[in-house]
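To start, the structure under review is shown below, and the notes come after it.
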């Protein structure tokens with residue numbers, strides 16, 4: 003009998019570290035809610051950084067949180083500042099023990115008139131209620 007012992011378990015560093023980010027809408031109108039769903043390992047530490055079109059990162063969507071016991075975290079927020087229209091990028095760094103994983107995603111904030119300009123319809127001055 004060989005002295006070598008085989009093990010079916012993987013060390014903490016060898017396991018895959020799943021991390022995904024999903025936006026409820028790829029395009030958000032002023033005054034509408036956006037929802038970000040993050041899925042990862044249970045109780046992983048999350049560093050979420052949302053970069054506004056102006057480059058601003060000091061905002062309510064930038065935070066440090068912990069995923070729940072099922073590995074989920076949901077962030078829901080409303081954007082309604084005309085000065086912040088454009089492309090948003092959200093970056094997530096998840097850590098648990100010595101493991102870490104990163105993911106990023108993007109969405110666009112538009113005024114209500116932007117979607118209708120190409121069709122020749124009238125633009126709205128201020129967003130209607132969603």
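Residue numbers (this note's numbering): 3 to 132.
Yeah, the Cβ is synthetic: ideal placement off N, Cα and C, and Gly gets one too.
Being a predicted model, the structure only gives us computed values, none of them experimental.
Cβ neighbours of residue i in the same chain (closer than 7 Å, five flanking residues each side left out)
i         : result
residue 2 : In the structure as shown, the chain starts at 3 and stops at 132, and residue 2 therefore has no counterpart that could be examined.
Buried/exposed call for residue i, threshold 16 Cβ in 10 Å
i          : result
residue 48 : buried
residue 29 : exposed
residue 76 : exposed
Secondary structure of residue i, DSSP reduced to three states
i           : result
residue 86  : helix
residue 107 : strand
residue 58  : coil
residue 72  : coil
6 Å CB neighbourhood of residue i in its chain, flanking five on each side removed
i          : result
residue 24 : 39
residue 46 : 69, 96, 98
residue 82 : 32, 33
Nonlocal neighbours in the same chain, by C-beta distance under 8 Å from residue i, ignoring five residues either side
i           : result
residue 80  : 33, 34, 35, 36
residue 102 : 19, 95, 96
Presumed contact (8 Å Cβ cut-off) between residue i and residue j, rounded CB distance
i          : j           : result
residue 21 : residue 67  : At roughly 14 Å, the Cβ-Cβ gap does not stay under 8 Å, so residue 21 and residue 67 are not in contact.
residue 55 : residue 86  : 6 Å
residue 90 : residue 51  : About 11 Å; that fails the 8 Å criterion.
residue 92 : residue 106 : 7 Å
residue 88 : residue 59  : Residue 88 to residue 59, Cβ: 15 Å. No contact.
Residue ranges of each beta strand (DSSP E) within the region 16–42, 3 or longer: 22–25, 29–31, 35–41
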